[in-house]
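Number of protein chains: 2
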Amino acid sequence: MSIVLRQHIEEIVALTDSEFEYIQSLFTHKKLKKHQYLVQEGSYVTHEYFVLNGLLKASYTNETGKEHIIQFAMENWWVTDYQAYITQRQATLNIDCIEASELLSISFENKKLLCAELHKMEYFFRMKASLGYVAMQQRILSLLNNDARLRYEQLMQQYPTLLQRVPKLLIASYLGVSRETLSRFSAS
Amino acid sequence: MSIVLRQHIEEIVALTDSEFEYIQSLFTHKKLKKHQYLVQEGSYVTHEYFVLNGLLKASYTNETGKEHIIQFAMENWWVTDYQAYITQRQATLNIDCIEASELLSISFENKKLLCAELHKMEYFFRMKASLGYVAMQQRILSLLNNDARLRYEQLMQQYPTLLQRVPKLLIASYLGVSRETLSRFSAS
Chain A
172 MSIVLRQHIE
182 EIVALTDSEF
192 EYIQSLFTHK
202 KLKKHQYLVQ
212 EGSYVTHEYF
222 VLNGLLKASY
232 TNETGKEHII
242 QFAMENWWVT
252 DYQAYITQRQ
262 ATLNIDCIEA
272 SELLSISFEN
282 KKLLCAELHK
292 MEYFFRMKAS
302 LGYVAMQQRI
312 LSLLNNDARL
322 RYEQLMQQYP
332 TLLQRVPKLL
342 IASYLGVSRE
352 TLSRFSAS
Chain B
172 MSIVLRQHIE
182 EIVALTDSEF
192 EYIQSLFTHK
202 KLKKHQYLVQ
212 EGSYVTHEYF
222 VLNGLLKASY
232 TNETGKEHII
242 QFAMENWWVT
252 DYQAYITQRQ
262 ATLNIDCIEA
272 SELLSISFEN
282 KKLLCAELHK
292 MEYFFRMKAS
302 LGYVAMQQRI
312 LSLLNNDARL
322 RYEQLMQQYP
332 TLLQRVPKLL
342 IASYLGVSRE
352 TLSRFSAS
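Protein chains in written order, with this note's numbering: chain A, 172 to 359; chain B, 172 to 359.
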């Protein structure tokens with residue numbers, strides 16, 4: 172199973188077998204059913220997760236009960252409530268499973284240890300954070316530019332299988348458009 | 172001057188004098204006048220910048236000529252077109268000076284060298300990237316939640332001096348609201 176994690180890391184840094192054995196020893200395997208929560212608003216966020224298979228969403232629910240989807244996570248994605256994780260505080264997001272999911276989890280302490288012990292893993296996680304930062308910046312640009320059709324097209328280009336796996340209502344929530352607006356794009 | 176950079180780094184990792192001397196040797200000092208460009212759309216982005224003093228904006232201009240501000244940068248901030256910098260491609264953003272600015276610049280190659288030579292600097296930049304990612308995520312949430320007044324209040328809370336230093340039109344562009352909407356908030 173964890174060959175997937177090794178391949179994922181080795182897209183950025185090469186690992187020896189013993190390095191990967193050490194890395195692997197710091198992760199725990201986790202299985203969740205459809206609709207089950209990985210992170211609940213208000214709970215302490217002690218772990219970060221790598222998705223082996225399945226599909227999750229990270230979302231924020233505002234005072235009026237409206238849900239805004241901040242991130243989908245599927246195979247080879249990392250997910251947690253990063254603000255809570257980094258600052259070791261309580262979650263403001265909910266993360267739950269759209270499909271049954273298998274994950275590898277690493278605690279804040281073990282990630283710190285891993286990065287301190289293996290410089291190349293510090294580099295790996297720096298690269299992942301930088302790429303994540305850039306992806307977020309692109310999403311902000313598309314939100315400011317307010318072109319909902321373009322946002323939809325970009326999402327479909329990046330993740331062509333997403334529309335088959337995710338209900339349209341959730342795609343609309345991610346894009347910040349109404350379901351009616353989305354139906355117009357996705358039908359054309 | 173570079174005591175400012177040392178203090179900034181030492182908020183996250185402690186440095187010896189010789190380590191800081193080495194770090195400093197990889198940076199170049201740069202002075203720009205008001206309205207001058209640091210990065211221009213279409214140019215290759217080879218450097219990242221630390222702001223010693225002054226104020227800049229990073230923005231994207233869409234097909235119709237409308238400018239969307241992605242970031243302000245002032246004292247102790249890092250700025251560049253990160254997408255172009257990380258992928259070593261041409262800029263899609265413009266970065267120009269709202270005030271005359273003094274910067275320290277580090278090339279992509281020197282940053283790579285610095286992080287490889289000094290593990291603690293890899294850690295430092297991992298932390299900065301992670302905190303940047305979280306800040307971007309918060310901004311996406313406030314854009315999706317579409318509460319312009321809250322966005323304005325958060326910005327003023329984070330950077331109370333910004334409104335004095337930045338024309339209202341630019342604040343409006345950053346927040347993704349019209350100047351009229353902004354005037355209503357800022358007057359109240």
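We treat Cβ as the ideally placed atom computed from N, Cα and C, and that holds for glycine.
Burial of residue 254 of chain B is indicated by the presence of at least 16 other C-beta atoms within 10 angstroms of its C-beta.
In the DSSP assignment, residue 277 of chain A forms a beta bridge with A:219. Judged by DSSP secondary structure, residue 206 of chain B falls outside any beta strand (DSSP E); it is assigned neither H nor E.
The continuous alpha helix (DSSP H) containing residue 306 of chain B extends over residues 290 to 316. Straight through space, the alpha carbons of residue 315 of chain A and residue 192 of chain B are spaced by roughly 41 Å. Cβ-Cβ distances below 7 Å link residue 250 of chain B to 220, 222, 227, 229, 242, 244, 266 in the same chain, with the five nearest sequence neighbours on each side left out; the list follows chain order. Among the residues facing chain A, residue 309 of chain B is included, as its CB has a counterpart in that chain under 9 Å away. Contact with chain A is absent for residue 265 of chain B, since none of that chain's Cβ atoms lies less than 9 Å from the residue's Cβ. Residue 256 of chain B counts as buried, since at least 16 other C-beta atoms from the protein chains shown sit within 10 angstroms of its C-beta. The beta carbons of residue 263 of chain A and residue 231 of chain A sit closer together than 9 Å.
Of all residues in the segment 238 to 251 of chain A, the ones placed with a Cβ closer than 9 Å to any Cβ belonging to chain B are 239, 240, 241, 242, in chain order. In chain order, 346, 348, 352 place their CB closer than 7 Å to the CB of residue 319 of chain B, counting only its own chain and leaving out the 5 sequence neighbours on each side. CA-CA distance, residue 218 of chain A to residue 287 of chain A, rounds to 17 Å. Residue 276 of chain B does not reach chain A, its nearest Cβ partner there being about 18 Å away, counting only Cβ pairs nearer than 8 Å.
Taking C-beta separations shorter than 6 Å and ignoring five residues to either side along the sequence, the partners of residue 204 of chain B in its chain run 271, following chain order. For residue 179 of chain B, not one C-beta of chain A is nearer than 9 Å to its own C-beta. Note: residue 228 of chain B is bridge-paired with B:243, B:267 in the DSSP secondary-structure output.
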